[in-house]
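Asker: I'd like to ask you about the structure that follows.
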Amino acid sequence: MRWALVKVSLAVTTMVVLAFAVPLGLVIREMARDRAFSNAERQAAAVAPALSITTDRDQLERVVASAGSDDGMAVHIPASGKSAAVDLGRRRAADDDIATVRRLGRASTTEVTGGSTLLQPVALSTGEIAVVEVYVPDAEVTNGLATAWAVLAGVGIALIVGSVAVADRLGVRMVRPAQRLVEGAHELGEGKLGARVPEEGPNELRLAAVAFNAMADQVVQLLANERELAADLSHRLRTPLTVLRLNAASLGDGPAADQTRAAVAQLEGEVDTIIRTAREAKPQTVAAGPGAGCDAAEVVRERMGFWSALAEDEGRKVRVAGVDRPVRIPVARADLAAALDALLGNVFRHTPEGTAFAVDVHNGEDAVIVLVSDAGPGIADPEAAMARGHGSGNAGSTGLGLDIVRRLAESTGGDVRIGSSVLGGTEVRLWIQLDGRAPVRRGHRGAVRRRRPGRLVSTFNRSRSLP
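Mind the numbering: the sequence shown is residues 298 to 764 in my numbering, read in order.
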């Protein structure tokens, strides 16, 4: 908008300057010509009184010399009676032009080499017509014309520069509120809910700023209401959780009782986390800074220890691989545990008892992959299963568990893929990027490849089978 105003102002001002400067320059040129010939007429008039009195050559030479036009003036007196024709000065005009002026009795101008001449007829005492010739050079006709054109050009350029400067200032006044509005929109989109824009500038932009600020206030209010609603709904779960905790305490000793009490404690912790997160308006998964994160191998061992008891009760074969060494990832411990519980819970929920499953952790140069595979019936439509709230289509499936896993992976620059496992069922691949860059997907599905000179080497092999 700013440059558009400058261009329009430049074009309009240039046209106006040309429309006035060109005719004015032509007028100045005509004025200079009229001034030069007016001087020539005055010189001719100074000689006319002497011609009306005498035609003596010596006296006329003194008159012409006193007029200061020795080289530029000539006097042509025709012959009469006993007097011969007299020609004083340098003749420049043609004889025909002189004869025409003498016959018509009117002053005339004619073009000659280097300029023009004014031919002025003067009546003599003898009744004859003498002609006074005054030479007007081209330099005298154009005297001062270049200066006048330069002044006109300077004034025109000054007007153009001034109009462009004024248009630029007006453009800045109009563009600056629009830029602040754009910056405010970007800040609000980045999650800075306190972003507001000054309500100033042209009327339209001021109204836009008012509408933007009202929208931002409404967004803050809606988010606050949503957080309060989430906290309230989570708080309602504490009552049935208290009943479960009391009932679990009466189960006595044993692996099943211990697992039940641990699950109730974990559920209470998750509810507290939801309430606290909703109150503080902070995302549950955030990008980890340098040195933050957890040991994925340790978390996998811990969660598999929890689920292995249930797997043993249902007669499921379990294999865990890749957890014998520490595997650091830029993910919070609680977030990874929640994602693993969601994946393993899906295995127990959507596959028959006795179905084997496996968890593999593969540590690459720039990424870590966690594979959860089973020997169940598989998922007919993996893309639909990844859609939030859609699920796999089975009873009790909401799709929110896979959405938790997906958001965890995408927070690091990774992703989640669903496919067929080597066990014959479903394989969910959780790709956790270590450096925040987009994952490099080369080779067969699920492989992490390191760069080597001249070749690509896979860091793991997915073709292992259950023991």
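Positions of the beta carbon are idealized from the N, C-alpha and C atoms, including for glycine. As the structure is a computational prediction, the values presented were derived from the model and not from experiment.
(1) Would the beta-carbon of V665 fall within 8 Å of that of V624?
(2) Mapping DSSP to helix, strand and coil, what is T414?
(3) State the DSSP-derived secondary structure class of S288, mapped to helix, strand or coil.
(4) What is the C-beta distance between T407 and L416, in whole angstroms, given that I count them as a contact (C-beta under 8 Å)?
(5) Return the chain-ordered ranges of every alpha helix (DSSP H) run that is complete within the stretch 471-559 and spans a minimum of 4 residues.
(6) Note down the Cα distance separating V561 from I701, rounded to an integer number of angstroms.
(7) Let me know the secondary structure DSSP gives L731 once reduced to three states.
(8) For V433, name the three-state secondary structure that DSSP assigns.
(9) Taking the DSSP output, what are the residues bridged to T766?
(10) Suppose you measure from the CA of T423 to the CA of L442; what does that come to, to the nearest Å?
(11) From the DSSP output, read off the bridge partner residues of D592.
(12) So, helix, strand or coil for G688, using DSSP?
(13) With a threshold of 16 other CB atoms inside 10 Å of the CB of H483, please say whether the residue is buried or exposed.
(14) Whose C-alpha, out of E609, I626 and S349, is nearest the C-alpha of A706?
(15) Helix, strand or coil: which one does DSSP assign to G468?
(16) By Cβ distance below 6 Å, which residues in the same chain neighbour V725 in space, the five residues on each side in sequence not counted?
(17) Taking DSSP's pairing of strands, which residues face A664 in a bridge?
(18) Just curious, the alpha helix (DSSP H) that R613 is in, first and last residue?
(19) Under a Cβ-count criterion, where at least 16 other Cβ atoms within 10 Å of its own Cβ denotes burial, should L315 be classed as buried or exposed?
(20) Classify D392 as helix, strand or coil using the three-state DSSP reduction.
(21) Going by Cα to Cα distance, which pick from R503, L385, A475 and A301 is closest to A464?
(22) Between which two residues does the beta strand (DSSP E) harbouring L385 extend?
(23) Is the beta carbon of A608 sitting closer than 8 Å to the one on V617?
(24) In angstroms, rounded to a whole number, what distance separates the CA positions of C591 and A631?
(25) Tell me M370's beta-bridge partners as DSSP assigns them.
(26) If you drop the 5 nearest sequence neighbours on each side, which residues of the same chain put their C-beta closer than 8 Å to that of Q356?
(27) Give me, in chain order, the residues of the same chain whose beta-carbon lies closer than 8 Å to that of N510; leave out the 5 immediate sequence neighbours on both sides.
(28) Thinking just about the alpha-carbon of each residue, which of T311, D657, A391 and L520 is nearest to the one in L449?
(29) Count the other CB atoms, across all protein chains shown, that sit within 10 Å of the CB of R646; report buried if there are 16 or more and exposed otherwise.
(30) Just curious, the beta strand (DSSP E) that V642 is in, first and last residue?
(31) According to DSSP, is G716 part of a helix, a strand, or is it coil?
(32) What distance in whole Å lies between the Cβ atoms of A337 and R373, which are believed to be in contact at a cut-off of 8 Å?
(33) Which residues share a DSSP beta bridge with T723?
(34) Does the Cβ of T352 have 16 or more other Cβ atoms within 10 Å, making it buried, or fewer, making it exposed?
(35) Classify A462 as buried or exposed, calling it buried when 16 or more other Cβ atoms lie within 10 Å of its own Cβ.
(36) Nearest to A455 by CA position, among L731, G661 and V313, is which residue?
Answerer: To lay it out plainly:
(1) In the sequence shown, the residue the question calls residue 665 occupies position 368. In the sequence shown, the residue the question calls residue 624 occupies position 327. Yes, they are a contact pair.
(2) For the purposes of this step, residue 414 is taken as the residue at position 117 of the sequence shown. DSSP places T414 in strand when its eight states are reduced to three.
(3) Given that the chain is displayed from residue 298 to residue 764, the structure contains no residue 288 and the question cannot be resolved.
(4) Translated into the one-based positions of the sequence shown, residue 407 becomes position 110. Translated into the one-based positions of the sequence shown, residue 416 becomes position 119. The pair is a contact, with the Cβ atoms about 7 Å apart (cut-off 8 Å).
(5) 500-532 and 535-546
(6) Working through the sequence shown from its first residue, we reach residue 561 at position 264. Working through the sequence shown from its first residue, we reach residue 701 at position 404. Each residue's alpha carbon lies about 21 Å from the other.
(7) The sequence position of residue 731 within the sequence shown is 434, counting from 1. Coil, per DSSP.
(8) Numbered from 1 along the sequence shown, position 136 holds the residue referred to as residue 433. In this structure, V433 counts as strand in the three-state DSSP scheme.
(9) Lying before the first or after the last residue shown, residue 766 is absent from the chain, which here runs from 298 to 764.
(10) Taking the first residue of the sequence shown as 1, we reach residue 423 at position 126. Taking the first residue of the sequence shown as 1, we reach residue 442 at position 145. For T423 and L442, the distance between alpha carbons rounds to 44 Å.
(11) Start at 1 with the first residue of the sequence shown, and residue 592 comes out as number 295. DSSP, once it has assigned bridges, lists R625 as partnering D592.
(12) Taking the sequence shown and counting its residues from 1, the one referred to as residue 688 is at position 391. Confidence at G688 is low in this model, with a pLDDT of 47, below 50, so the placement of that residue is unreliable and no value is reported for it.
(13) Within the sequence shown, residue 483 is the residue found at index 186, counting from 1. Per the 10 Å Cβ criterion, exposed.
(14) By 1-based counting over the sequence shown, the position of residue 706 is 409. Among E609, I626 and S349, the Cα nearest to that of A706 is on I626.
(15) The residue labelled residue 468 in the question sits at position 171 within the sequence shown. Reduced to three states, the DSSP call for G468 is helix.
(16) In the sequence shown, counting from the first residue as 1, residue 725 sits at position 428. Answer for V725: L640, V669 and I715, listed in chain order.
(17) By one-based count along the sequence shown, residue 664 stands at place 367. For A664, which the question treats as bridged, DSSP gives the partners Q730.
(18) Position 316 of the sequence shown holds residue 613. No alpha helix (DSSP H) contains R613, which DSSP labels as neither H nor E.
(19) Locating residue 315 in the sequence shown gives position 18, where the first residue counts as 1. By the 10 Å Cβ count, L315 comes out exposed.
(20) Looking up residue 392 in the sequence shown gives position 95. Of the three classes helix, strand and coil, the one that applies to D392 here is helix, per DSSP.
(21) Position 167 of the sequence shown, counting from 1, holds the residue named residue 464. Per the Cα distances, A301.
(22) Along the sequence shown, read from residue 1 onward, the residue named residue 385 stands at position 88. V383 to L385 is the extent of the beta strand (DSSP E) around L385.
(23) Residue mapping note: residue 608 aligns to position 311 of the sequence shown, counting from 1. Residue mapping note: residue 617 aligns to position 320 of the sequence shown, counting from 1. No, they are not a contact pair.
(24) Taking the sequence shown and counting its residues from 1, one reaches residue 591 at position 294. Taking the sequence shown and counting its residues from 1, one reaches residue 631 at position 334. Their Cα atoms are separated by approximately 9 Å.
(25) Taking the sequence shown and counting its residues from 1, the one referred to as residue 370 is at position 73. Its beta-bridge partners are V431.
(26) Numbered from 1 along the sequence shown, position 59 holds the residue referred to as residue 356. Taken in chain order, the residues that qualify are A347.
(27) The residue given as residue 510 occupies position 213 in the sequence shown. Cβ within range, chain order: R493, V494 and E496.
(28) Counting from one through the sequence shown, the residue named residue 449 turns up at place 152. The residue with the shortest Cα to Cα distance from L449 is T311.
(29) Numbered from its first residue, the sequence shown carries residue 646 at position 349. By the 10 Å Cβ count, R646 comes out exposed.
(30) Your numbering for residue 642 matches position 345 in the sequence shown. The displayed chain sequence assigns Gly, not Val, to residue 642. Unbroken run through G642 is the alpha helix (DSSP H), R630 to H647; no beta strand (DSSP E).
(31) For the purposes of this step, residue 716 is taken as the residue at position 419 of the sequence shown. G716: strand per DSSP, three-state reduction.
(32) In the sequence shown, residue 373 corresponds to position 76, counting from 1. In the sequence shown, residue 337 corresponds to position 40, counting from 1. Sequence check: residue 373 is His here, not Arg. Between A337 and H373 the Cβ distance is about 16 Å, and since that is not below 8 Å, they are no contact.
(33) What you label residue 723 is simply residue 426 of the sequence shown in a count that begins at 1. DSSP output for T723 lists S717 as bridge partner(s).
(34) The residue given as residue 352 occupies position 55 in the sequence shown. T352 should be labelled buried.
(35) Sequence index remark: in the sequence shown, residue 462 carries index 165 (1-based). Answer is exposed; the Cβ neighbour count stays below 16.
(36) As a working mapping, residue 455 is identified with position 158 in the sequence shown. The candidate whose alpha carbon is nearest that of A455 is V313.
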